[in-house]
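Presented below is the structure to which this report refers.
8 protein chains.
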Amino acid sequence: MTFQNREARIDFDRRSRLGMIEAVWGEHKTSDQIVEILHSFKAQKEGALVTRVDQQKADLVISRIGFTGVEYHARSRCLTFGSPFKANPSFGEVIVLSGGTSDLPVAAEAELALRWHGIKTELLLDVGVAYLHRLLSQLERLKLAKVLIACAGMEGSLPTVLTGLVPQPVIGVPTSVGYGVSFGGNSALSGMLASCSPGLLVVNIDNGYGAAMAALRIIQLG
Amino acid sequence: MTFQNREARIDFDRRSRLGMIEAVWGEHKTSDQIVEILHSFKAQKEGALVTRVDQQKADLVISRIGFTGVEYHARSRCLTFGSPFKANPSFGEVIVLSGGTSDLPVAAEAELALRWHGIKTELLLDVGVAYLHRLLSQLERLKLAKVLIACAGMEGSLPTVLTGLVPQPVIGVPTSVGYGVSFGGNSALSGMLASCSPGLLVVNIDNGYGAAMAALRIIQLG
Amino acid sequence: MTFQNREARIDFDRRSRLGMIEAVWGEHKTSDQIVEILHSFKAQKEGALVTRVDQQKADLVISRIGFTGVEYHARSRCLTFGSPFKANPSFGEVIVLSGGTSDLPVAAEAELALRWHGIKTELLLDVGVAYLHRLLSQLERLKLAKVLIACAGMEGSLPTVLTGLVPQPVIGVPTSVGYGVSFGGNSALSGMLASCSPGLLVVNIDNGYGAAMAALRIIQLG
Amino acid sequence: MTFQNREARIDFDRRSRLGMIEAVWGEHKTSDQIVEILHSFKAQKEGALVTRVDQQKADLVISRIGFTGVEYHARSRCLTFGSPFKANPSFGEVIVLSGGTSDLPVAAEAELALRWHGIKTELLLDVGVAYLHRLLSQLERLKLAKVLIACAGMEGSLPTVLTGLVPQPVIGVPTSVGYGVSFGGNSALSGMLASCSPGLLVVNIDNGYGAAMAALRIIQLG
Amino acid sequence: MTFQNREARIDFDRRSRLGMIEAVWGEHKTSDQIVEILHSFKAQKEGALVTRVDQQKADLVISRIGFTGVEYHARSRCLTFGSPFKANPSFGEVIVLSGGTSDLPVAAEAELALRWHGIKTELLLDVGVAYLHRLLSQLERLKLAKVLIACAGMEGSLPTVLTGLVPQPVIGVPTSVGYGVSFGGNSALSGMLASCSPGLLVVNIDNGYGAAMAALRIIQLG
Amino acid sequence: MTFQNREARIDFDRRSRLGMIEAVWGEHKTSDQIVEILHSFKAQKEGALVTRVDQQKADLVISRIGFTGVEYHARSRCLTFGSPFKANPSFGEVIVLSGGTSDLPVAAEAELALRWHGIKTELLLDVGVAYLHRLLSQLERLKLAKVLIACAGMEGSLPTVLTGLVPQPVIGVPTSVGYGVSFGGNSALSGMLASCSPGLLVVNIDNGYGAAMAALRIIQLG
Amino acid sequence: MTFQNREARIDFDRRSRLGMIEAVWGEHKTSDQIVEILHSFKAQKEGALVTRVDQQKADLVISRIGFTGVEYHARSRCLTFGSPFKANPSFGEVIVLSGGTSDLPVAAEAELALRWHGIKTELLLDVGVAYLHRLLSQLERLKLAKVLIACAGMEGSLPTVLTGLVPQPVIGVPTSVGYGVSFGGNSALSGMLASCSPGLLVVNIDNGYGAAMAALRIIQLG
Amino acid sequence: MTFQNREARIDFDRRSRLGMIEAVWGEHKTSDQIVEILHSFKAQKEGALVTRVDQQKADLVISRIGFTGVEYHARSRCLTFGSPFKANPSFGEVIVLSGGTSDLPVAAEAELALRWHGIKTELLLDVGVAYLHRLLSQLERLKLAKVLIACAGMEGSLPTVLTGLVPQPVIGVPTSVGYGVSFGGNSALSGMLASCSPGLLVVNIDNGYGAAMAALRIIQLG
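Protein chains in written order, with the numbering used here: chain P, 13 to 234; chain D, 13 to 234; chain C, 13 to 234; chain Z, 13 to 234; chain U, 13 to 234; chain R, 13 to 234; chain E, 13 to 234; chain X, 13 to 234.
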């Protein structure tokens, strides 16, 4: 069923069609548009996930929304409404790794989106390749996860090294962390695509949510 | 164990570490280098897969190799030595789709690499989005596969449309088919990365082998 | 006749030469420059359309202009002076589609520019390809229009799909909606240019006004 | 109805759906693939247009095809089979302009594709802006056409100047003629997209066929 | 002689070596650095030209400088100290053209830099190629100048058209006016470099000062 | 007067309008097209200069042309017909410098084009900045020329250094000599445009002919 | 030993492994994150160097840190805690050169990072190639240093010229100083990489710290 | 002393000025030009190193040179004349690593250039990061070298990992090995520049010779 609010149509069929709820991409939307969309979700008795919302916009939404249950997650820059799906332990676990502290918002967005869909998820920070032993010391732990999401900016070699070490699916998320040639994340992106490690998968720069939905597609197979 | 021939060291441990054999990337290698490498594989009693070998180089290798069992697959531009793994039906099936006839070499490389690892694989050609009804008419068939690999050049929108229609993992392979702005495959690549469909995964341009190894990682999970 | 104000010469002959009024591109102009230009239009008894004006600049212009009839259209970020042309029903209708809510300013600019020239125009939002059935359900409606303008950001595949479905002229407007590889609209732009659908026409990123003027040129033919 | 030959499915419904025949893009296809496709067209009693075929590939196709009626057009690098549509004078005329002799193959491809669909078409060469009086002296003649297709390489300013002079739809085709910064046609492409003339429409670099199909869509409206 | 202030060494020999004073590029400098540099010029009894200074930084400099004779030119965003050279009529005149009002700061920077070196200079605005007759009506006037500097953003075709019409040296200055593909001025730049008109000379985007110094080098020859 | 041969119109008015003959750009033309064009020049009793002709194409033209007076200049890859203009000593001299032996074809094209228009021209090779003393030892000689044309590939810093040393007009010609980041000449081009030396003028990559025509425009002023 | 604070793990082994302390890259970190990290260093009795911190963020850190010894260096935009290593005279000296005043923050970052590791370092400003004699007059002085770090924006030719003059290791640091084609530092970067001078080494744009650490690696060899 | 042959001036002073002989870059030179240059070296009693010479050009040079002592090195694509410098053991050793067999020509060029200057050099192949244990098993060996040169194509992460493991100077050489986004070596290049490992130094793509000369500058310090 397609509910049509004035300026946005929400894809409420997405859950049955794809097994995922429709996330709202908040970056280019005004707080008024987000308020209106959240009212649509509430009217449909659906929970909601709004990504890329800064603190100021989130405050405006919460002060104007007129009902409770909307929560802001500063670390991942997301708004949620309602409750996440209950974790399904048979799905197994996803580990989200990040090369450095600065990649945290992207890694946290992936983690929240997965947990919101009921997937057990752990965040493992600061395992960049400049200090390889940190990563190698976690190897046995990593082999227990079902899917690995590796966020990295600058030269983005974390997923390349990781894919050479473990047999599971690895999803690389280039981040827009860096300056000079790495400004905007393009060095990390092309490094991951060009990777010599066989079978590394890639999503758009900073697209933690997309990596999470890809992991969800994989993990639902089993 | 690492066998060291004169100019290349083969990663014969890859099978136990990652569940895959080491493929040899033939594009920048001379026929003499490939002959030498195939001898290493034979000495180790390992089968081999050499990608990106044109007809002329393949002929040279086969005429000089001095033993039997090396076969050239013109459609996918690959050389193989030995026998593929026996198909493991419990792994389920992968469907490789292509937008147009010109994407065939890339799609066929993915298909051969999967079959070589014992994965049941079907090739579905010419289902580009300019004639949408072709694709829609295959929808129920597609939902039976475990992983979909969608190869597309030009604007590369096939995987975007597909990811909006089915819940499984979809791996987009941009191809270097096109001219003008799409020359070299960059339009297709950035279109797939920028896709509005949630959870689309991407590999390097023309990287049929990489998409196959990623599908292998996913399909081995179950 | 060319009226010369101090720092800008207005092309008042454009109506007779090209059948369109000269729009003023407001983005790089100060409010003082816009005020001065609007006085020139008023002196010539001409209506005016000023594009790319943000709310703050618009408020300054209206507070300083010293005469009535200047109106700000927030959704399309345009200022107008005077009255639009009376609709000419024999020209037929243009439908402006957009892939997502975030494309609205561009789509609305196209719609306003067309209505200002007397063209009947409808806006159809949120028909992106990630939920294909929305678009397919509108197909018969779309076939009644004379020209379709399809605005899309991210991977920009809406106009490609549309051009494969209907026989009319389709004008693709890439929008600067997106992040990572789609930042600035270049993925959408090159996707539309590289499109495998025959006869898709493209204008500059975010150029809703240009798409409208192209549609006007087409629709005036009949 | 969709006829499926071994490696390519032809979209024989395109004529009823879009008013155009499916052209075959010959650039990445082998002569054997083209021969097989032409047999499909003949079996369906359909005429065919194959673009981007060099002389050598064309000779191979004609020598192997085994039936008559296949003709090579060296100037436009196209193969045709069967007869073009009879011209429909009520559709009006298209003029294809080119900035220099080197743009000829692109302009001729557009001209042939239009004539093949029954559109009266004239080719006007060497009217580049470096000698503006050539272009201005043709102005009255140009105003009689229904659509103008302007092919230009290097800086590609011909369509910009033209769109400022005439009220009809103008389709700019950037060509890959040039060297240095204009190598590959990107300067001409971005110049046309960035044009200050209102309503200029653009297709991919060297896409004479695409410009022709867009003109066909426009001209069929009337 | 080289005067060394704390953080910048001024090239006071430039006048004797190159016939020009050293301009100070103000964009990346703080107001304190500019104040210090102007003190150096005053100590050397030299006049000064500081480019790329916004209103706010200029106000700070003037309020802190502690001596008179520093003047801000808002239209060209320049600070000057001292008096310009007396015009040398035997040098002839330079005309600075601009395609649109938005190019004014660049054109005005060129004009001020030339007048500051004693060159007679005229500014001719809004002669873009979208309304060609404006330009053609000025042709005889233009032929009287010694050098033409043509500033243009967007597709930047003004200098191309101009160079095809007149025999004098033409210096094209691409401007960063535009959006989408022309954002930052690269379309205009590559259009001018790729120009089919013989002998067009180009400087960096927005480099009005550089065009002026090049014109000065030419005009000092005679 | 415009002479119209079948596929190219020659701009025989260019000499009176711009003081230069129309050069024919041979790169994208067939030998047959060049033969036809040279016949047009001969019929008009005009001399001709055809640039970018390789040895093989030149041989074909000369063997088929059917009249005498066509000469090939291998070093500059040009064909000429007829005699150059008589040198006009009052015009002064142009010196063409090149950074390395590999830039020779570009430098020689500039030199031939200038001599063909009667300008005294000297070629000074291998004065790149990696051995600065070579350049400095020529400084007094360089100051005697009226215009300097500096060809350089790789990082292209020769014209930057030169413009800091001498007061005359300097035209930088980036060449496509190099590999890696300098492949195609873009490093040299952007280095020259970004130059910190005031008043450096730039033409397209490898455009020796364009630099010569710009020098001609300058030198005719005096 | 790896100390793990809540969101960042510090590589305290780096000193023994690489001979350098771990610098903290402050650009993408909040003041709270920096405060927390400095507490970790203090707990480990380690000195710290935090780069890319603007004045406002530095003030916040210092006001919240709660212990003494944190100092802000405005010229190099760095925070330090503790004392630098004592200079080791046997290591010899590094000279950091800069092309213009605007390169100062980058040059100062390199200088501070070297001094912090006990390396004697001198800063030599405004020796750009537009006034070559300034550089040449310092030549004997430069030959006394062990390593030269040359910072330059715009066309970035200072390190090219320098590498042709002296036999020591030269590290080029492109800076993001400039506009138009040099915006962001890419012209300077590719100029240095493409340099015709043999043996020039390059680091990322604005990476003064990286150049310092490379010099440290070299200077520790002796 | 500067010897001037007809079209190239050799920098025979380079040995005393920089401690290195002038290498001749053979890529854009004809065999005739190389023969002439080698005669100059012989006349000066200098040995010579000519890089980037393919087999065919080398054969032509050797067959035409007319004296003995010219030798072709197929693996590094270099011609040499005369004898290399005698190794100076006090300089210590350089190890040249390569990520894959395809990087061999670049690594071998670096090795030959170093040995030619008397530096002890070892080549270590196929230590790419996809099989990390190969690299880690060589760690103690690597710590004995004075300088490490790491050649890598594709994503180019070998030097990043290496620089995090050892304290010596590491010079990264991106190679043009790869396809899709890594075509031409740009992914490897920007990955090395963006590297999170402190102090990694970079040269142009495929520039094995440049890396060798940089290592020479470093190693001569000691």
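Beta carbons are placed, not taken as given, at the ideal position from N, Cα and C, and that holds for glycine. Since the structure is predicted, the reported quantities are computational estimates derived from the model, not experimental observations.
Taking 6 angstroms as the cut-off, is the C-beta of residue i nearer than that to any heavy atom in the ligand ZN?
i	result
SER114(U)	The model on display carries no ligand, and the ligand ZN is accordingly not part of it.
In this structure, what does DSSP give as the bridge partners for residue i?
i	result
GLY184(X)	ALA162(X) and VAL214(X)
PHE84(P)	Inspection of the sequence shows that residue 84(P) is occupied by Tyr rather than by Phe. Answer by DSSP bridge pairing, in chain order: LEU91(P).
ILE74(Z)	Paired residues: none, contrary to the question.
THR63(Z)	TRP37(Z)
Could you tell me the boundaries of the beta strand (DSSP E) in which residue i lies?
i	result
LEU233(Z)	Neither: LEU233(Z) is in no beta strand (DSSP E) and is coded neither H nor E.
Please list the partners that residue i has in chain R, where partner means a Cβ-to-Cβ separation under 7 angstroms.
i	result
TYR143(Z)	ASP23
Kindly list, in the order they appear in chain Z, the residues whose Cβ is closer than 9 angstroms to that of residue i.
i	result
ALA206(C)	ASN216
Which residues in chain U sit within 7 angstroms of residue i, going by Cβ to Cβ distance?
i	result
LEU160(R)	By Cβ distance, chain U contributes nothing, its closest Cβ being about 10 angstroms from LEU160(R), past 7 angstroms.
Which stretch, first to last residue, makes up the alpha helix (DSSP H) that contains residue i?
i	result
ASN198(E)	198-205
SER194(E)	Here SER194(E) belongs to no alpha helix (DSSP H), and DSSP marks it neither H nor E.
SER28(E)	26-30
Chain Z partners of residue i, CB-CB under 8 angstroms?
i	result
LEU201(R)	GLY192 and VAL193
Starting from residue i, find everything on chain C with Cβ-Cβ shorter than 8 angstroms and list it in chain order.
i	result
VAL189(U)	HIS40
ILE46(Z)	Chain C residues near ILE46(Z): none, gap ~18 angstroms exceeds 8 angstroms.
GLY234(Z)	LEU233 and GLY234
Under 8 angstroms Cβ-Cβ, which residues of chain X neighbour residue i?
i	result
VAL72(P)	It is Leu, not Val, that sits at residue 72(P) in the sequence shown. Under the 8 angstroms cutoff, chain X gives no residues; its nearest Cβ is about 36 angstroms from LEU72(P).
VAL173(P)	VAL141, LEU144, SER169 and VAL173
Find the residues of chain R that neighbour residue i, judging by a C-beta separation of less than 8 angstroms, and give them in chain order.
i	result
GLY197(X)	GLY192
Name, please, each residue of chain C whose Cβ falls closer than 7 angstroms to the Cβ of residue i.
i	result
GLY211(Z)	GLY222, MET225, ALA226, LEU228 and ARG229
Mind listing the chain R neighbours of residue i? Cutoff is C-beta to C-beta under 9 angstroms, in chain order.
i	result
MET32(U)	PRO179, PRO210 and GLY211
Counting only Cβ pairs nearer than 9 angstroms, list the residues of chain P close to residue i.
i	result
ARG29(D)	GLY176, LEU177, VAL178 and PRO179
**Asked** Mind pulling the alpha helix (DSSP H) runs of 4 or more residues that sit fully within the stretch 88-172 of chain R?
**Response** Whole alpha helix (DSSP H) segments, 4+ residues: 116-128, 144-148 and 151-154.
**Message:** So within the stretch 35-61 of chain C, which uninterrupted beta strand (DSSP E) runs reach at least 3 residues, ignoring any that extend past its ends?
**Reply:** If we require 3 residues or more, the beta strand (DSSP E) runs fully inside the stretch 35-61 of chain C come out as 35-37.
**Message:** So if I threshold CB-CB distances at 7 angstroms, which residues from the stretch 115-148 of chain R count as touching chain E?
**Reply:** Listed by position, the residues of the stretch 115-148 of chain R near chain E (Cβ gap below 7 angstroms) are GLY140, VAL141, ALA142, TYR143 and LEU144.
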